[in-house]
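Peer 1: Residue numbers (the working numbering), protein chains in the order written: chain A, 337 to 771; chain B, 337 to 771; chain C, 337 to 771; chain D, 337 to 771. For every residue, glycine included, the Cβ atom is placed at its ideal position computed from N, Cα and C.
There are 4 protein chains.
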Amino acid sequence: MTTPLPQPTGQMPDTSIYERRESAVRSYARSMPRQFNRAEGVWMHDNKGGRYLDFLSGCSTLNYGHNHPVLKQALLDYIAADGITHGLDLHTDAKAEFLRTLEDVILKPRGLDYRAMFTGPTGTNAVEAAIKLARKVTGRELVIAFTNGFHGMTLGALACTGNAAKRGGAGVPLSHVAHEPYDGYYGPDVDTADLLERRLSDPSSGLDAPAAILVETVQGEGGLNAASPEWLRKIATIAKRHGALLIVDDIQAGCGRTGHFFSFEGMGVTPDIVTLAKSLSGMGLPFALTLFRPEIDQWAPGEHNGTFRGNNHAFVTATAALRHFWSDGQFLADIRRRGTMLERRLDAIAGQYGLTTRGRGMMRGIDMGSGEIAASVTAACFERGLIIETSGAHDEIVKVLAPLVIDDAVFSAGLDILEECIRAALTVTYGVAAE
Amino acid sequence: MTTPLPQPTGQMPDTSIYERRESAVRSYARSMPRQFNRAEGVWMHDNKGGRYLDFLSGCSTLNYGHNHPVLKQALLDYIAADGITHGLDLHTDAKAEFLRTLEDVILKPRGLDYRAMFTGPTGTNAVEAAIKLARKVTGRELVIAFTNGFHGMTLGALACTGNAAKRGGAGVPLSHVAHEPYDGYYGPDVDTADLLERRLSDPSSGLDAPAAILVETVQGEGGLNAASPEWLRKIATIAKRHGALLIVDDIQAGCGRTGHFFSFEGMGVTPDIVTLAKSLSGMGLPFALTLFRPEIDQWAPGEHNGTFRGNNHAFVTATAALRHFWSDGQFLADIRRRGTMLERRLDAIAGQYGLTTRGRGMMRGIDMGSGEIAASVTAACFERGLIIETSGAHDEIVKVLAPLVIDDAVFSAGLDILEECIRAALTVTYGVAAE
Amino acid sequence: MTTPLPQPTGQMPDTSIYERRESAVRSYARSMPRQFNRAEGVWMHDNKGGRYLDFLSGCSTLNYGHNHPVLKQALLDYIAADGITHGLDLHTDAKAEFLRTLEDVILKPRGLDYRAMFTGPTGTNAVEAAIKLARKVTGRELVIAFTNGFHGMTLGALACTGNAAKRGGAGVPLSHVAHEPYDGYYGPDVDTADLLERRLSDPSSGLDAPAAILVETVQGEGGLNAASPEWLRKIATIAKRHGALLIVDDIQAGCGRTGHFFSFEGMGVTPDIVTLAKSLSGMGLPFALTLFRPEIDQWAPGEHNGTFRGNNHAFVTATAALRHFWSDGQFLADIRRRGTMLERRLDAIAGQYGLTTRGRGMMRGIDMGSGEIAASVTAACFERGLIIETSGAHDEIVKVLAPLVIDDAVFSAGLDILEECIRAALTVTYGVAAE
Amino acid sequence: MTTPLPQPTGQMPDTSIYERRESAVRSYARSMPRQFNRAEGVWMHDNKGGRYLDFLSGCSTLNYGHNHPVLKQALLDYIAADGITHGLDLHTDAKAEFLRTLEDVILKPRGLDYRAMFTGPTGTNAVEAAIKLARKVTGRELVIAFTNGFHGMTLGALACTGNAAKRGGAGVPLSHVAHEPYDGYYGPDVDTADLLERRLSDPSSGLDAPAAILVETVQGEGGLNAASPEWLRKIATIAKRHGALLIVDDIQAGCGRTGHFFSFEGMGVTPDIVTLAKSLSGMGLPFALTLFRPEIDQWAPGEHNGTFRGNNHAFVTATAALRHFWSDGQFLADIRRRGTMLERRLDAIAGQYGLTTRGRGMMRGIDMGSGEIAASVTAACFERGLIIETSGAHDEIVKVLAPLVIDDAVFSAGLDILEECIRAALTVTYGVAAE
């Protein structure tokens, strides 16, 4: 059987309606000027007949690919039967089923005892709920976040986000958060966890006692920096020693992306609070959760709420996804095999051109040295039918976020395109040829 | 034909999974301890065979009722055809169709020239985007909001919300917002718009120059206080005179609830920014929009973003809803007739017991004088199979938020139940009997 | 004996050193371009031989006039004897003597039980200490201040200040303070204390529970608005009911200016905290105190400090001033007689020209209707040798702040000059002639 | 001639008036429970006839000793002649004379072109003015301060202060300031200026673009950490590169304490803004200045003000001090000789007991390893008649801040007492005997 390949047509859509009626804030549509209409698995189709291979996966929202048939059927059946669509925070069959599945398939096998808070169905809402809870429980205001961290765009989460352009959009100074250096920020010789401990142990450092330490184990937007288990364990110990809660923001790295369901598995830490969103619904539907230890579930009823915290369609597809992919070890084995495949392939490319790689599991990238070169790579990929994006403070990392379900041969074909585009970009820029 | 009536069974569901795994923050589930599984139109069904009449409508999220067949079919067709589910902010057929419909069915006929910003699909995200934009455009920080206003739970929107219990959940002081008295706040003899003008005209009042004035025309959560057109026009004039943008938060009052698509129609004001969510998707799917004049569309690409800002399922159902209900005047006529019916009925009940009513269009309520009495009314209604909730600073308003599509006879039957429960509650409390 | 009169020479000093070396922030020196070198009592002398009558009194810092001989001698003796000049917060004879005199001459006769905190010797430091303490004691953040209030220029006190130009200098948004309307702010028919009570009693008003209500009984900078005893008592009751501390900022109105030592005497309120500065040292030396009930003296040692909190020269002159002026009732009788004289005179002038007066005791002024006219009056006065300034949101009030020790005949002569200049200014502006 | 020695009597004063009427916030009076009444040069006298040698100098406020005869006489003459005492910001002979002297004696010889802003006469007011100006000039909010920095107690300056106990007194979260590691904070191998550059160059570090970098060249309260010239030059370069103003807070280290008038002299940097206070008046009178380059003198008239910004007594003594001590190089030579003497002596003591020393010039100390031991040393010194205090995050540094005018023999005798008390404390604690 032949491996299917992307088939872009190169035809541009009519974009007049967007120019007339959509805000200038739109962004992906600018670098990928097509109008899409259909998608299944790893493939997206535009309205001119073009076919694109998706190495972006909705920024890790589509770990199981587009419109996975099992999830799709579950949703069709549910809708056809007039299942509750919008349920505020009322009990519904779909929610009960989701909670039971979360308990049986995810929490129990991992020995985790968390309660689930259904926040408004976006990641930033989950982060806002997490830091509110940490502040309430500890009676402190300061949240320690990290350089290059990305946690959302509403004011509470945005204060935790490192990116200056995003922060500038706030229009007010962002307060009650300190950004400390992430693992490796000052190079391999400086243990930034030690620096943090030094400052928190010093009553005159100017760093107030924190309510929480908020960390991504891999910084999806911030350049695919991956924390080491040792560093993460130190951070967990520091949090505990100084009376702060440890929050792992697993919105991008969770749901299998790193080769575990939770990205912190196997690292020797158990966060007090975990945020999930993106791939949680499995099908790309808006859904977010804040999980936490029962002991800190100190919310008053309705103290944090939101109209769409009962998105039952998402409960249905999330339940189907947990059951289908996480009931046994097959999917995990697949992810890990593909993660290793990706690692080897990127290392080989990087080695050839003197570049470096970043990341963990199935979230990895190559540092192109500048945002300009990285943008030329992704633009060339798109011309070839490969949807791929950048990451990092300067958008200098070309980032592979393929669906975790991608067929190995297709994956390989996509990486071939990427390699060719990198080679071409470097040749144009530096006149480099592969050795 | 007999008018269908609620048929509650009184049987309680097994709630152990919620107690074990859902956060204590859940609230509606406490006063309505049933597990729902199915719904159509104005009816919700629990898993013990009970049927409930919905006078809450997902807090005005289900203006067209549950699972409206036209919307449902559109969504089933779209999913079956593998339409794009999650599209970041990429162009899709579903988005283009939605924008065109918004333009043709809503904006053009009303002479409104707005651009649409697809924010994260919750109301609070839309509000955060609105105040960010106002701060950016004006270069000012302060937002003027109003007593009893409700605008969301993320830190930026929460700062605009009046409710002390919600605000207390922030864990940090809420800044950059001043709450001024809403229309009628100090009684009928004090024009609070004049008070605001007085303060803004005084360079020594301590009230900084505002970026925006953020207002609901009817305060859905804050007690169904309805602003008069005169007051609203004054506020609009004040905003303009002092260089502030006027933001109408139409999340609860919009999408037909007041007898217009936008709640500010016919009041002689054109907001600079409008937020929509709740009933926008028509079927209860998460969807939110921030609309604004093209002149203030000063966003940089991606300056505000969010994973789920391209919820294409919602685009599909929203498009179907706009076309089905808003292409001609039939639906509007129905809403207004039902609004008048509701007004008369509540006025009659209130008159009988010396109570007062509040609200406008199809969002009206009765002030029971205390939260305790109001809670006893809604609890009694629920026992009779009527889902209804309270509003107001002390939860003292029993609030009727029936689906706008409700059959007149069913509506009347539901209001009969409400009246009986009010009578019973007042008899218990005061020994009052109807005259 | 002839009443001495001002004798300005009209000669300008050499100001090159100021232009070269002093910041552009200087202000009084611009409208009074003379170089002064000597002063005694109510008279200031410039270095060209001119003599000026002082109706400004260092903004009420020189209630006992310049260089009062009793205070001057006490200070000369102290310095000659090598008395401690700078004592940090160490015990010194001078401090003990001051505390004993404060207790005997001021506190005991008034039945007041306060502890004294020696803050940094400026009014703004005293206010910062007051609001810090209130926040610590109550565990709350919000301070309620009033429209047109002036409390200082450091960030904590500036947030409590109403003036937009001063606030704008902060360079950061000013937080944790709400400005509510002062007595009479919305005209005689609106009781603004009732408005405040309404908002604080409403859990959904958006006004958080306050740590303190901070009020001046007469707003010295804000336009000489004088609170009525009834209003002030209501404010005190509101503070108590809502768990807030009542802080009276008596920096400008205290030390006799209103006809009492404390401006709140005789009004039926006892503040929890009082701030004093300006005339406290009696001779114009930097000195400030924060007084409070012993029960709320919850400071940890050194929790608030400052290098110059032990300005012993000021202790010496303050002690001499308290003893000389406040040991019996003579000075009070003089102030009240002069206050009545001032009231009658200003009322007569105002009546003649259809103007209104403001203030209480020896801090009164005439509202000239515009800052421009007021400035023309004070400029004309200065040309005639009378030093006088304006107050109010638009600098529209010509403000008489004569030394309290002024001789009646000299006072009358000064008021003659003022009247003539007002007449002249109004004639120029409106062509008005006295009737 | 015999070297005079301290002669404490050990008699305690009557402190009842303090217990009754002074706030619990008093601190130095607790560890030095005497009542002082007289002082000259390096000696303080209590009211029981005891004599104390002052190694604290009002925390570096009395660099020229107590009541220096030249300054004292100048002040006596000025007061006797009825010189202006309190002058708001009016031109006075005393101010002109001070400005001319500052220009001639300090600025011109050092090639510095600064304008002087007379702030409220406390250090914290000067710092507040400095950061306000920096924020105004740059249009940015964030100030970068350093670990262990101390800048004052009003809210703006307190936000820049590192000490947790002081910060906790604010009662509100302290915002708009980031504390970065000072020189040597992470040990000798980590160049913290490089860390700062790394973060400011990274648009995703979460550190917003700063308005100012605020630094002490020696941290007087924070443990006598002395920045190296190399580090300070890097910081200056970083400030310039990133559009921030460099503010040197020279309140404690200025006025000769380090062996230069300004502590930054000879280090290769010229700050944009400098704050001075403490020893500026020379005699311990409240006085503070904010100096800055004329180009950034962007204040509007009166935009920052304060009642006591014209403390003319302080102008008189400051002028006398500048002329007497700074007109030629004699005083500097004396300071440097004594600084070297102090360095050798402390190094010798430290070497003997395995301790380390800190500081520069005449502000040096010994790290006793714990606050407990340091407190026992200073208590023992006080019993022997030596007034000396601690510094540092844990109050672990015994700090020598002798008057700069101290006689060499007396200095030596005081250091003998210190050495003996250190020896005794270490013997008690560790059983260590000098080798």
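Just checking: is the beta-carbon of leucine 550 (chain C) within a distance shorter than 9 Å of some beta-carbon in chain D?
Peer 2: no
Peer 1: Does alanine 314 (chain B) come out as helix, strand or coil in the three-state DSSP assignment?
Peer 2: Absent from the model: residue 314 (chain B). The displayed extent of chain B is 337 to 771, so no value can be given.
Peer 1: The beta strand (DSSP E) with isoleucine 571 (chain D) in it runs from where to where?
Peer 2: First-last for isoleucine 571 (chain D): 565-577, but that is the alpha helix (DSSP H), not the beta strand (DSSP E).
Peer 1: If we count the other Cβ atoms within 10 Å of its Cβ and call it buried at 16 or more, is proline 607 (chain A) buried or exposed?
Peer 2: buried
Peer 1: Report the three-state DSSP secondary structure of aspartate 585 (chain C) (helix, strand or coil).
Peer 2: strand
Peer 1: Note down the Cα distance separating glutamate 725 (chain B) from serine 363 (chain B), rounded to an integer number of angstroms.
Peer 2: Cα to Cα, the separation comes out at about 12 Å.
Peer 1: DSSP state of alanine 770 (chain C), grouped into three classes?
Peer 2: Below a pLDDT of 50, predicted positions are generally treated as unreliable, and alanine 770 (chain C), at 46, falls in that range; the measurement from the model is reported next regardless. Three-state result, alanine 770 (chain C): coil.
Peer 1: Alpha carbon to alpha carbon, how far is histidine 427 (chain D) from histidine 381 (chain C)? Give it in angstroms, no decimals.
Peer 2: Approximately 12 Å, taken between the alpha carbons.
Peer 1: Can you grab the Cα-Cα spacing for the pair leucine 532 (chain A) / alanine 729 (chain A), in whole Å?
Peer 2: 22 Å
Peer 1: Given a cut-off of 9 Å, decide if threonine 528 (chain C) and arginine 696 (chain C) are closer than it, judged by their beta-carbon atoms.
Peer 2: no
Peer 1: When the cut-off is 9 Å and only beta carbons count, does glycine 579 (chain C) lie next to chain B?
Peer 2: At a cut-off of 9 Å between beta-carbon atoms, glycine 579 (chain C) makes no contact with chain B.
Peer 1: Aspartate 350 (chain B): buried (16+ other C-beta within 10 angstroms of its C-beta) or exposed?
Peer 2: exposed
Peer 1: Given alanine 710 (chain A), which residues of its chain have a CB within under 7 Å of its CB, disregarding the five upstream and five downstream residues?
Peer 2: Met704, Thr726, Asp731, Glu732, Ile733, Val734
Peer 1: With DSSP run on the structure shown, which of helix, strand or coil describes histidine 660 (chain D)?
Peer 2: helix
Peer 1: So, does the CB of valine 584 (chain D) fall closer than 9 Å to a CB anywhere in chain A?
Peer 2: no
Peer 1: When you check each C-beta in the region 345-374 of chain A against every C-beta of chain B, which residues fall closer than 8 Å?
Peer 2: Pro349, Thr351, Ile353, Tyr354, Arg356, Arg357, Glu358, Ser359, Ala360, Val361, Arg362, Ser363, Tyr364, Ala365, Arg366, Met368, Pro369, Arg370, Gln371, Phe372, Asn373, Arg374
Peer 1: Against proline 637 (chain B), what residues of chain A qualify as contacts under a CB-to-CB distance less than 8 Å, listed in chain order?
Peer 2: Ala360, Val361, Arg362, Ser363, Arg366
Peer 1: To the nearest angstrom, report how far apart threonine 338 (chain C) and glutamate 557 (chain C) are at their CA atoms.
Peer 2: 35 Å
Peer 1: So that I know if they touch, is there some Cβ in chain F lying closer than 9 Å to that of valine 746 (chain D)?
Peer 2: The question asks about chain F, but that chain is absent: this structure's protein chains are A, B, C and D.
Peer 1: Round the Cβ separation of phenylalanine 391 (chain D) and arginine 645 (chain D) to the nearest angstrom and send it over; I've been treating them as touching at under 8 Å.
Peer 2: Contact doesn't hold; Cβ gap of about 32 Å is too wide.
Peer 1: Taking the straight line between their C-alpha atoms, what separation do you get for histidine 640 (chain D) and arginine 356 (chain D)?
Peer 2: 37 Å
Peer 1: Alpha carbon to alpha carbon, what distance is there between methionine 698 (chain D) and alanine 493 (chain C)?
Peer 2: 36 Å
Peer 1: Checking contacts by CB at 9 Å: is serine 511 (chain A) closer than that to chain B?
Peer 2: yes
Peer 1: Tell me the rounded alpha-carbon separation between alanine 738 (chain D) and glycine 618 (chain C).
Peer 2: 33 Å
Peer 1: Which residues in chain A sit within 7 Å of aspartate 538 (chain D), going by Cβ to Cβ distance?
Peer 2: The CB of aspartate 538 (chain D) comes closer than 7 Å to the CB of Thr483, Ala729 in chain A, given here in chain order.
Peer 1: Residues of chain A with CB closer than 7 Å to the CB of aspartate 519 (chain D), please, in chain order.
Peer 2: Within chain A, no residue comes near aspartate 519 (chain D); the closest Cβ sits about 14 Å away, beyond 7 Å.
Peer 1: Buried or exposed for threonine 421 (chain B), please, with buried defined as at least 16 other CB atoms from any protein chain shown within 10 angstroms of its CB.
Peer 2: Its Cβ being crowded by 16 or more others within 10 Å, threonine 421 (chain B) is buried.
Peer 1: So what's alanine 738 (chain B) in DSSP terms, helix, strand or just coil?
Peer 2: coil
Peer 1: Compare the Cα-Cα distances from arginine 700 (chain B) to each of B:Pro340, B:Glu433, B:Leu668, B:Ser396 and report the closest residue.
Peer 2: B:Ser396
Peer 1: In three-state DSSP terms, what is glycine 542 (chain B)?
Peer 2: coil
Peer 1: Does any CB atom of chain A fall closer than 9 Å to the CB of serine 564 (chain D)?
Peer 2: no
Peer 1: Is there a Cβ from chain B that is less than 9 Å from the Cβ of aspartate 544 (chain C)?
Peer 2: yes
Peer 1: Is threonine 692 (chain C) close to chain B? Criterion is C-beta to C-beta, closer than 9 Å.
Peer 2: no
Peer 1: Mind the definition here: the region 448-468 of chain B touches the region 498-512 of chain C only if three or more C-beta pairs lie below 8 Å; say whether that holds.
Peer 2: no
Peer 1: Are any of the Cβ atoms in chain C nearer than 9 Å to that of tyrosine 450 (chain D)?
Peer 2: yes
Peer 1: Residues of the region 445-478 of chain A in Cβ contact with chain D at a cutoff of 7 Å, in chain order, please.
Peer 2: Those residues of the region 445-478 of chain A placed with their C-beta closer than 7 Å to a C-beta in chain D are Glu477, ordered along the chain.
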